[in-house]
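Visitor:
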Amino acid sequence: MPTVLVAGAGPVGLTMAAELARYGIAVRIIDASPHQTETSKALVLWSRTLELMDRMGCTAPFLDAGLRARGAAIRSDGALLGTPRFDAIASAYNYALMIPQRDTERLLTDHLRSLGVEIEREVELTGFTARETGVEATLRHVDGREEVVQADWLIGCDGAHSTVRHGLGATFAGSAQGDDWLLADIRIEGPKAPPSDELSIHFHPDGPFVVFPLPGGRARVVAPVGKSDPSRPRDAPTLAEVQALADARAGGGFRLTDPVWLSNFRINERKVADYRYGRVFLAGDAAHIHSPAGGQGMNTGMQDAINLAWKLAMVVRGSADPVLLDSYSAERSAVGDMVLRNATRLTAAATLSRPAARFLRDAVMRFLLGFKAVRAGMVSTMSEINIAYPNSPLSHGSGGGTRWDPRHDRGAPPGSGREPRFVLYTDDAARGAGLAARFPSLLEAEPRKPVVPGTLVIVRPDGYVGLSGSASDWGSAESYLGRLASAG
Ligand SMILES: Cc1cc2nc3c(=O)[nH]c(=O)nc-3n(C[C@H](O)[C@H](O)[C@H](O)COP(=O)(O)OP(=O)(O)OC[C@H]3O[C@@H](n4cnc5c(N)ncnc54)[C@H](O)[C@@H]3O)c2cc1C
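Going by full-length UniProt numbering, 312 is the number at position 312 of the sequence shown; the sequence numbering is gapless.
1) Once DSSP output is grouped into helix, strand and coil, what is the label at residue 488?
2) Which same chain residues, not among the five before or five after residue 140, have their C-beta less than 7 Å away from its C-beta?
3) From residue 65 to residue 289, what distance separates their C-alpha atoms?
4) Give the secondary structure of residue 94 by DSSP, where H, G and I count as helix, E and B as strand, and everything else as coil.
5) From this set, 344, 48, 205, 303, which residue's C-alpha is nearest residue 404's C-alpha?
6) Start and end of the beta strand (DSSP E) containing residue 209?
7) Whole angstroms are fine: how far does the CA of residue 185 sit from the CA of residue 488?
8) Provide the residue span of the beta strand (DSSP E) that contains residue 41, from first to last.
9) Residue 491: beta carbon under 7 Å from a heavy atom of ligand 1?
10) For residue 218, count neighbouring Cβ atoms within 10 angstroms of its own Cβ and tell me buried if that reaches 16, exposed if not.
11) Tell me the rounded alpha-carbon separation between residue 199 and residue 104.
12) What's the gap between the Cα of residue 249 and the Cα of residue 350?
13) What distance in whole Å lies between the Cβ atoms of residue 180 and residue 226, which are believed to be in contact at a cut-off of 8 Å?
14) The beta strand (DSSP E) that contains residue 323, what's its start and end?
15) Under a Cβ-count criterion, where at least 16 other Cβ atoms within 10 Å of its own Cβ denotes burial, should residue 92 be classed as buried or exposed?
16) At what residues does the alpha helix (DSSP H) containing residue 299 begin and finish?
17) So, for residue 228: in the same chain, excluding its five sequence neighbours on each side, which residues have a beta-carbon less than 8 Å away from its beta-carbon?
18) Please state whether DSSP places residue 21 in a helix, a strand or coil.
19) Are the CB atoms of residue 81 and residue 326 nearer to each other than 8 Å?
20) So does the segment 8-18 actually touch the segment 373-384, counting three or more Cβ pairs closer than 8 Å?
21) With a 10 Å radius around its C-beta and 16 neighbouring C-beta atoms as the bar for buried, classify residue 420 as buried or exposed.
22) Any heavy atom of ligand 1 closer than 7 Å to the beta-carbon of residue 383?
23) With a threshold of 7 Å (Cβ to nearest heavy atom), would residue 271 be considered close to ligand 1?
24) Taking DSSP's pairing of strands, which residues face residue 224 in a bridge?
25) How is residue 354 classed by DSSP in three states: helix, strand or coil?
26) Would you report the Cα separation of residue 372 and residue 90, rounded to the nearest angstrom?
27) If we define contact as Cβ-Cβ less than 8 Å, is residue 485 a contact residue for chain B?
28) Below 7 Å, is the gap between the Cβ of residue 12 and the nearest heavy atom of ligand 1?
29) According to DSSP, simplified to helix, strand and coil, what is residue 413?
30) May I ask you to verify whether the segment 454-465 touches the segment 385-396, counting CB pairs closer than 8 Å and requiring at least 3?
31) Which residues share a DSSP beta bridge with residue 464?
32) CB residue 343 to CB residue 291, shorter than 8 Å?
Dropping the structure here:
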C-alpha cells in the first residue's frame, strides 16, 4: 500500500514523487497519458527552482541540456525601452535556463527512476473518497480494469483539468484573458535575428511578439492574434502567418524556418483558495493557472511540490506534528496569489492597444528600466529568489520566512540528505549539539557556523529561514522546535 498516491506525472507530480522517495516515503505515481509531454510547453527553469533542485541532487543534467539566457531586450515599435540583465540575480544561477518541458520531464523521470520509482502510465484516477484516516482512490487501467487503492495521502498534480480538484468541489476562481495566442517553435535566420541568448520582447499596437531562445538553435515565438470566440477554436497558424506577424510587429529582417510546433492557446487566470483538504492536497496547475508571461507556472508548481514534500515526509515519519501540513496552503496559496497578480499585470501591460495607454506604459518602462535597482528587482522577482513566507506560522524573528542563500553553505545545502532536517546555525557548537540531541528527528546533528556572528538561525529543509534571532535566543529556538515536534 502506498503511503502517498501522486496523481499526475507532469513536472510537478514528478518533483513531488522524487522528493518523497528521496525522503524514504512509499509513493505511487500514476498518469493517464501513455507518454510524457512531447512538446516544449514550459521553457524556463528559473534560479530559485535550480537552487532547490540542488537539494534534490539532480541539477547537473539540466544545466547540460539547457541554454543560459543572459537577459532580455524590451522594445516598443522598434524603440528600445530597456535591457534587464539576469546577472543581477543574487544566485549562483544568475540566468534563465531555457529547456523544453519535454526535457525537464525526461530528466525528472530519470531522477525519479534513480530513486527506485517508476511512473505507472495509462492509469487514470477516476474518483476518490477521503476520510479522516486515509483516502480510497479508484484507478482505471488501460485495459478497462478498475482498481481500488487505499493510501494515507492523495496529492493532485493532475494539471489544469484536475480530477482531484473536481472531486474536492474546490472552486477554480478566475477568468479567461480573452485573446487567442499563437505559439511556434522554429529556427530564426537573417541579419536581424534576435541574439540566441536573450529574450526579445516587442510591444506593438496589435499585440506583443515575444521570442524565447531554445537549445539547439531554435526559438519559441508567442503572440496574441485576436479576441477568442469560445464557440470556435482557431486553426493552428501556418509558418507564413507567423512570419507576417514577425515582420509587422518585430521589425522584420529575419526569416522563420523549420517549424516543429505550431499551435494556439488561450490564457486562463484561475486559482483555488486552499491547497489542502484534510488528507488531499493540490499542487501545480491543479491549484493555479495563469498567463505564461514571466515563465512562472511550472516553476511555481515545482516549488509547491518541494514545499509540501519535506513537511509530509516529516509527518509520515512521525518527526513533526501533523499541524505542520497546514503551513503548506498558507505559504503556497499566498505565493500563487502573488504570481497570478504579477502574470496578469505583465500580460495586461504587454497587450495595451490604446495609444495614450501605450505611450504612458513605454514612458514609465523606459524611465524605470533606467535604474539598476529597478532592473535588478524585476529580474529577481521573475527568478523567484524573492519568494518568502513572512506571514507563515513557521516564520519567527525578523528574517523568518526569507530565502536562505545556498551560497552561505560550504557543504551541501539544508534539506539535501535522505532525511528531512532543519539546520541550526550558531557560534556555540556545544550548546547547538545539545539542542540537536534533544530533537534528533528535527535537527541536523552538527550545527553550522552562522553567516553573521552573534546570530542564531534555524533553516528549514527547503532553504527558508524558520527562526532568526540573536546568539542568546536559545529559549525561542527550543520552543520553536518543541512546537514542531510530533505530539505523539
Ligand atoms: C502551450 C503551452 C505553453 C506553456 N508555456 C509555458 C511557459 O513558457 N512557462 C511556464 O512556466 N509554463 C508554461 N506552460 C504551463 C506549463 O506547461 C504548466 O504550468 C506545467 O505543465 C504544470 O505542470 P503540472 O505537473 O502541474 O501539470 P501538467 O504538466 O498538466 O501535468 C499533469 C499530468 O497529470 C496527468 N493527468 C491528468 N488527469 C489525470 C488523472 N485523472 N489521472 C492520472 N493522471 C492524470 C496528465 O496526463 C499530465 O501528465 C505552458 C503550457 C502550455 C499548454
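Beta carbons are placed, not taken as given, at the ideal position from N, Cα and C, and that holds for glycine.
Source: prediction; values computed, not measured.
Guide: Taking the structure as given:
1) With a pLDDT of 45 at residue 488, under the threshold of 50, the modelled position of that residue is not reliable, and no figure is offered here.
2) Non-local beta-carbon contacts of residue 140 in its own chain, meaning distances under 7 Å to residues more than five positions away in sequence, involve 124, 126, 146 in chain order.
3) Answer to the nearest angstrom: the Cα atoms are 26 Å apart.
4) Coil.
5) Taking only the C-alpha atoms, the option nearest residue 404 is 48.
6) 209-213 is the extent of the beta strand (DSSP E) around residue 209.
7) At residue 488 the pLDDT is 45, less than 50, meaning the model places this residue with poor confidence; the figure from the coordinates comes in the next sentence. One C-alpha to the other measures close to 54 Å.
8) From DSSP, residue 41 is part of no beta strand (DSSP E); its letter is neither H nor E.
9) The structure shown has nothing for residue 491, since the chain only spans 1 to 488.
10) That one is buried.
11) When the Cα atoms are used, residue 199 and residue 104 turn out to be separated by approximately 20 Å.
12) Here the alpha carbons of residue 350 and residue 249 stand approximately 13 Å from one another.
13) That belief holds up - the Cβ atoms of residue 226 and residue 180 are roughly 6 Å apart, short of 8 Å.
14) That residue, residue 323, is in no beta strand (DSSP E); it is neither H nor E in DSSP.
15) Looking at its Cβ environment, which holds fewer than 16 other Cβ atoms inside 10 Å, residue 92 is exposed.
16) Taken as a continuous stretch (DSSP letters only), the alpha helix (DSSP H) holding residue 299 covers 297-316.
17) Excluding positions up to five away in sequence, the list reads 176, 178, 179, 180, 234, 266.
18) Residue 21 falls in the helix class under three-state DSSP.
19) Not closer than 8 Å, so no.
20) Put simply, the segment 8-18 does not touch the segment 373-384. Fewer than three CB pairs are less than 8 Å apart.
21) Its Cβ being crowded by 16 or more others within 10 Å, residue 420 is buried.
22) A distance criterion of 7 Å places the beta-carbon of residue 383 beyond contact range of ligand 1, judged by its closest non-hydrogen atom.
23) Residue 271 has its CB no nearer than 7 Å to any heavy atom of ligand 1.
24) Note: residue 224 sits in a beta bridge opposite 181.
25) Residue state, collapsed to three classes: coil.
26) Looking at the two C-alpha atoms, the distance is approximately 14 Å.
27) Considering every chain present, this structure includes no chain B. It has just one protein chain.
28) Result yes, Cβ under 7 Å from ligand 1.
29) In the structure shown, residue 413 sits in coil (DSSP, three-state: anything other than H, G, I, E or B).
30) Contact holds: three or more Cβ-Cβ distances are below 8 Å.
31) In DSSP, residue 464 forms a bridge with 403.
32) Yes; because the gap between Cβ atoms is below 8 Å, this pair is in contact.
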